[in-house]
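Okay, structure first, notes after.
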Amino acid sequence: MPNDAQLRAQRRSWTCALEDFAGVNGTGVLIAPDLVLTNFHVIQKLQKSLQDNPRRLADARIHFDYFQQGAGESFGLAATDWLPAFSPFAKRDLNIQEPPAPDKLDYAVIRLARRIGEEPLPAGNAAGWPDGTKPAKRGWLILPAPETRPTTGANIVLYHHPCGFVENQFQSLPMGETRGRVTEVDVGWLRVAHDANTQHGSSGAICYGDNLEPIALHHAGDPESALGEQFPNQRPLPPGQRAIPLGAIVAQLCHSPIYQSMLPAKDPPIRTIFDPTQEAIKLELLKTRHKRAMALLDRDDPQWDILDSINTANSVVHAIACRSVDGLEFFMRRLREASLGLKQLPRPELQERISRFLNEGLSENGWGDGSASVDTRLTPVDAAAKIVRKIESEIRQDQGTVFAIGQTFARFDFERERQLITEVARCCTPLLGTGQAKFQVFFIYQDNAPTPRKWAAERASVAELWASPPPKGSNLGQCLNFDDMSRDQMKGWISAINNAFQINSEDLCNRMDDIFADQKIPFAALEPKLRDITKVFCEITRK
């Protein structure tokens, strides 16, 4: 993996100054071979002026490698389709009294006349590449996943081109670097406040978080910013600087024809042992294959396969019993990752294990988290009604929602729990009938006990809350007991991994024997132990 110095040099090489966009200057970043991301308000004046004077397009310049006065090279915009995607800023960006507009994200993707991301970097090392790490080609920034969101308190760094006077001429200055932190995240408005020092010309700079991962697009804050300059009677809102979460921008761009050009090229199938110099590629492949392997990590008995699309196709309410070490957070994380981890695998024997309820709920916004809980003061019927009212208030048309309701066995009453869950399932019928949203409800019972023996009977009874398969039309899905796992229950996993990756199955079995040593292991505790085993996917393959 690149070290900090390499990451810094990369991001500096991708950052550019936008100059003379009808008199407006800003900052941008290369996100594809010929595409630059910036703010819409930086290019808006140019867009409008072209109606009266199309020649102004040729005046706009994109200046890369501008690390000192006179350095770098400027490029022009494409003569056609120079603005393939954009979203205007919101009225609320100028007046706090205006309502939020989550679809107004103040970004623009502009097209260059040349595919400079595929061209060599200039001679010299002004970007600061460590010895021997300067790449043959410039490359470009890979945008984050749509669900990525900044968090309050996160440290950030910006590479930007503020404006200033040079020989009495107001212009973009050489690249600067400024640091700060996220001070506030407004989820409803999709804006982020930060305290990094920015100036006119900084609009369009990327806010990088930990490990210099891109998290937001800076767009306003300084009273003399381009946004404030174009609307002098409505200055940008205090306090501090503001940015747009990049994940929200990507969620819109996912539907654009240009999105595929922003993605990294797919690696060809791995057919040989990795060369030692390709250690970074090897580690990335290891992570991917390990996640896919974990998504297959289920017992052999089909009734325990929560990801079976046939059994869960017409069900929305499930009950799961598990050890505390295999608790709610671990279970839900794995459940979410299973669909994504297997989605790209072409083999039918793996594709059929993708959960239909997860796939149907996926959207550009991913899966949202619900917040329903059980009010133990109420009767089961009243408690169920309260849960369903909460579900109804939180489900959305454009996003699948998962409600994970954590329970313990401290006050477990079999009949009460059965009545509660079946009543929740029954009351969900009207919500399903509208066809307006996709959602799943999981009652997850954790034993909170130091040994597997305590609450063992109660855990087992969860699997008997209703018959399998459940009554037709009941909206009930799986009721399962995830007990500790034994070596014998791993036969199906070994077979699936062998079929998928054509590895040395004898060696895999021997490694499994060493891990279990005739003992049972909690589900969550088994995952890190299997990381050493999944290394064989990279090192020994017959594909």
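Here the numbering used here runs 53 ahead of the position in the sequence shown, where the first position is 1. The beta carbon of each residue, even a glycine, is placed where N, CA and C say it ideally should be. Since the model is a prediction, treat every value here as computed from it, not as a measurement.
Straight-line Cα distance separating residue j from residue i
i	j	result
N544	E468	It should be noted that the sequence gives Lys, not Asn, for residue 544. If I take the Cα positions, the gap works out to 35 Å.
V235	V245	7 Å
P137	Y160	11 Å
W135	V494	46 Å
S558	R564	10 Å
A62	L71	20 Å
L484	S446	11 Å
A58	W67	14 Å
F223	H271	21 Å
A189	R64	15 Å
L83	N208	22 Å
A143	K443	30 Å
D428	A457	15 Å
K491	S527	17 Å
A124	K187	18 Å
N148	D118	36 Å
L299	C480	38 Å
E126	H116	6 Å
W182	A132	33 Å
V477	A436	9 Å
P523	D571	35 Å
G530	A516	11 Å
W450	E200	As written in the sequence, residue 450 is Gln, which differs from the Trp given in the question. Going from the Cα of Q450 to the Cα of E200 covers about 17 Å.
D239	F462	37 Å
Among the options, nearest to residue i - alpha-carbon criterion
i	options	result
S521	H371, E445 and Q450	H371
Q452	G423, P215, R202 and A374	G423
N250	G181, L316, A273 and A113	A273
L110	L88, I169, F117 and I163	I163
D537	K98, L561, G530 and Q499	Q499
K101	Q122, G125, F120 and G76	G76
G229	Q252, L243, R145 and N208	Q252
T204	D466, P215, T80 and I297	I297
R191	C562, L174, F120 and G257	L174
N534	A510, W193 and K525	A510
N106	D87, L88 and F74	F74
E4	C532, I448, R449 and Q294	Examination of residue 4 is not possible in this model, given that the chain is present from 54 through 596 alone.
R512	A113, Q460, G217 and Y212	Q460
V455	S426, D112 and M315	S426
Spatial neighbours of residue i in its chain, beta-carbon cut-off 7 Å, leaving aside the 5 residues before and after
i	result
I474	V370, A372, F496 and L518
L103	R109 and L110
K157	S140, P141, F142 and A143
N178	K187
A269	P203, V245, C260, A296, I297, P298 and L299
Check: residue i C-beta below 7 Å from any heavy atom of the ligand PLP
i	result
I149	Inclusion of the ligand PLP in the displayed structure is not the case, the ligand content being empty and no account of it being possible.
Sequence-distant residues of the same chain with beta carbon closer than 6 Å to residue i, five excluded per side
i	result
G129	A166
N56	none
Y312	L306
G233	I209, H247, D248 and A249
Residue interval of the beta strand (DSSP E) (run including residue i)
i	result
I458	G453 to T461
Y212	N208 to H213
I440	Taken as a continuous stretch (DSSP letters only), I440 belongs to no beta strand (DSSP E), being part of the alpha helix (DSSP H) at P433 to E447.
E237	G229 to D239
L473	Not the beta strand (DSSP E): L473 falls in the alpha helix (DSSP H), residues F467 to C480.
A509	Careful: A509 lies outside any beta strand (DSSP E), inside the alpha helix (DSSP H) at A509 to V515.
Own chain partners of residue i with C-beta closer than 8 Å, once the 5 adjacent residues on each side are dropped
i	result
K582	I568 and I574
E151	A143, K144 and R145
P227	Y119, F120, Q121, Q122, A124 and H214
C69	T80, G81, V82, L83, V89, I115, H116, F117, Y119 and H214
For residue i, the residue or residues it bridges with in DSSP
i	result
E72	R114
F496	A372 and I458
Delimiting residues of the alpha helix (DSSP H) encompassing residue i
i	result
L99	F93 to S102
A301	L299 to L306
N563	S558 to F569
V219	Counting along the chain, V219 falls outside any alpha helix (DSSP H), though it belongs to the beta strand (DSSP E) covering C216 to V219.
R64	D57 to W67
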